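Structure record follows, encoded as structure tokens.
2 protein chains.
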Amino acid sequence: MGVMTRWLDPDEQRTWRAFLTASRALMETLDRELQHDAGMPHAYYEILVRLSEAPDRRLRMSELAELTGSSRSRLSHAAARLETSGWIRREDCPTDRRGQVAVLTDEGFATLAAAAPGHVEGVRRHLFDALSPAQVDQLRRISETLADHLTDSGPN
Amino acid sequence: MGVMTRWLDPDEQRTWRAFLTASRALMETLDRELQHDAGMPHAYYEILVRLSEAPDRRLRMSELAELTGSSRSRLSHAAARLETSGWIRREDCPTDRRGQVAVLTDEGFATLAAAAPGHVEGVRRHLFDALSPAQVDQLRRISETLADHLTDSGPN
DNA sequence: CGCCGATAGTTGAACGCTCAACAAAACCGG
DNA sequence: CCGGTTTTGTTGAGCGTTCAACTATCGGCG
Numbered sequence: 001m002g003v004m005t006r007w008l009d010p011d012e013q014r015t016w017r018a019f020l021t022a023s024r025a026l027m028e029t030l031d032r033e034l035q036h037d038a039g040m041p042h043a044y045y046e047i048l049v050r051l052s053e054a055p056d057r058r059l060r061m062s063e064l065a066e067l068t069g070s071s072r073s074r075l076s077h078a079a080a081r082l083e084t085s086g087w088i089r090r091e092d093c094p095t096d097r098r099g100q101v102a103v104l105t106d107e108g109f110a111t112l113a114a115a116a117p118g119h120v121e122g123v124r125r126h127l128f129d130a131l132s133p134a135q136v137d138q139l140r141r142i143s144e145t146l147a148d149h150l151t152d153s154g155p156n
Numbered sequence: 001m002g003v004m005t006r007w008l009d010p011d012e013q014r015t016w017r018a019f020l021t022a023s024r025a026l027m028e029t030l031d032r033e034l035q036h037d038a039g040m041p042h043a044y045y046e047i048l049v050r051l052s053e054a055p056d057r058r059l060r061m062s063e064l065a066e067l068t069g070s071s072r073s074r075l076s077h078a079a080a081r082l083e084t085s086g087w088i089r090r091e092d093c094p095t096d097r098r099g100q101v102a103v104l105t106d107e108g109f110a111t112l113a114a115a116a117p118g119h120v121e122g123v124r125r126h127l128f129d130a131l132s133p134a135q136v137d138q139l140r141r142i143s144e145t146l147a148d149h150l151t152d153s154g155p156n
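For the record, the sequence lines run as chains S and L. The opening residue of the first sequence carries number 1 in full-length UniProt numbering; numbering runs sequentially from there. The opening residue of the second sequence carries number 1 in full-length UniProt numbering; numbering runs sequentially from there.
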């Protein structure tokens, strides 16, 4: 490690702060909207989405944590809450006695189905509608690059 | 409001999920790094930064909330904690008896100075180093567009 | 088989954020 | 100057996340 810090030049500074402002505002807005009209934070919505897409609407906790990019602990707490809300149910895994499978209940699916249109609408309004098609493409490439870069070295 | 939802097409879906993954991973990584080697979350770091840049290293709570994009409540809680850490101090505002000014203490400044190089290094490693100069420029434009779009209609 | 390190998942405490309610002072029209 | 509205900042409860510690099981090697 060198002794001199390479500070951000004014352009980088501007980029970094704009990114912080935008991504924070975006996530907070969507979180608030989802909390308001579905009674759950965005993170929980994502869990239900992943479950709804899985075969039989069921996933190992471990898989689910991977897919939603959350720690096992976070998922465990979230699952506890989702379970008392009646949106998921946890069962023992038949092939691994340590394991648990999270299952989306019918009630959970219904709640998700009710929340989805409004949320998608929000994502459109706050993200896609503001950008040109070219920018959407740029954002995809940038995000995929960053995601790769981060998950290479960044553990959970 | 129409009755039909315009769902995200596969490309939009992919973009949206990549963005979620990337921004979440980025923020979590930086947060963890900052928490680990400066003992504060990224949000608190930002508060100290803004104060350090202000004339006399002091700002009205209200200004500070604006600059850091946080609610008054959030800032109030944060300030309470930063004050017990000895990094800021709160004084009555001379021109408005409702007001408070947050002042960065010498100890706060020193802590910030100690944390900054490592954090900047992190931002470089996890963000700028992964992108081409063109992508950095694209990211700036995209972020500024989104930030404008969101702060137009999105209150706190 | 028997042990030992890895893996799966949970738990509780500490902490930060949100939301709604609140107090106090400032502003402003009449 | 008076009364209502707005602005400023704080507070407490409830919730979600982190981190470290812990239990239980699995997998593999001797």
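Glycine residues also receive a C-beta, built at the ideal position from the N, C-alpha and C atoms. These numbers come from a predicted model, not from an experiment.
Asked: Backbone CA spacing between S:GLY69 and L:ASP37 [nearest angstrom]; Found: 23 Å
Asked: Cβ shell of L:THR29 (< 7 Å), same chain only, five flanking positions each side left out; Found: HIS126
Asked: 7 Å Cβ cutoff met for S:LEU146 and L:ALA22; Found: yes
Asked: CB contact flag (L:ILE88, L:LEU104, <7 Å); Found: yes
Asked: Rounded separation between residue 209 of chain S and S:ARG81 - CA only; Found: There is no way to answer for residue 209 of chain S, as the model of chain S reaches only from 1 to 156.
Asked: Residue burial classification, S:PRO155 (beta-carbon count within 10 angstroms, cutoff 16); Found: For S:PRO155, the pLDDT reaches just 49, beneath the cut-off of 50, and the residue's location in the model is therefore unreliable, although a value from the coordinates is still provided. It is exposed - the Cβ of S:PRO155 has fewer than 16 other Cβ atoms within 10 Å.
Asked: Limits of the alpha helix (DSSP H) - the one that L:ALA102 falls within; Found: Looking at the DSSP string, L:ALA102 is not in any alpha helix (DSSP H); the run it does join, the beta strand (DSSP E), is 100-104.
Asked: 7 Å Cβ shell around residue 219 of chain L - same chain, five flanking residues per side excluded; Found: Outside the modelled stretch of chain L, which goes from 1 to 156, sits residue 219 of chain L, for which no answer is possible.
Asked: Partners in chain L for S:GLU144, counting only beta-carbon separations shorter than 7 Å; Found: ALA18
Asked: Contact between the stretch 51-67 of chain S and the stretch 136-150 of chain S (3+ Cβ pairs under 8 Å); Found: no
Asked: Interface flag, S:GLY69 vs chain L, CB-CB below 7 Å; Found: yes
Asked: Selection of the stretch 74-97 of chain L by Cβ proximity to chain S, strictly under 7 Å; Found: none
Asked: Simplified DSSP assignment, three categories, for S:ASP96; Found: coil
Asked: Own chain residues within Cβ distance below 7 Å of S:TRP16, not counting five before or after; Found: LEU8
Asked: Residue from L:SER52, L:ALA79, L:ALA102 and L:LEU59 whose Cα sits closest to the Cα of L:ALA116; Found: L:SER52
Asked: S:VAL101 beta carbon less than 7 Å from that of S:ARG57; Found: no
Asked: Residue-level contact to chain L via CB, S:VAL120, 7 Å cutoff; Found: yes
Asked: Sheet register partners of residue 157 of chain L (DSSP bridge); Found: Outside the shown range of chain L (1 to 156) lies residue 157 of chain L, about which nothing can therefore be said.
Asked: Residue-level contact to chain L via CB, S:THR21, 7 Å cutoff; Found: yes
Asked: C-alpha gap between S:GLU91 and L:ARG90, whole angstroms; Found: 52 Å
Asked: Top-ranked residue by Cα proximity to L:ASP148, from S:ALA25, S:ARG6, S:THR5 and S:GLN13; Found: S:ALA25
Asked: Whole-angstrom distance between L:PHE109 and S:LEU20, CA atom to CA atom; Found: 22 Å
Asked: Entirely enclosed alpha helix (DSSP H) segments - the UniProt domain "HTH marR-type" (12-148) of chain S, minimum 4 residues; Found: 42-53, 61-68, 72-84 and 106-126
Asked: Within-7 Å CB hit, L:GLN135 to chain S; Found: yes
Asked: Residue-level contact to chain S via CB, L:LEU150, 7 Å cutoff; Found: yes
Asked: CB of L:THR84 within 7 Å of CB of S:VAL120, strictly; Found: no
Asked: Close beta carbons around L:GLN35, own chain, < 7 Å, minus the five adjacent residues each side; Found: PRO41
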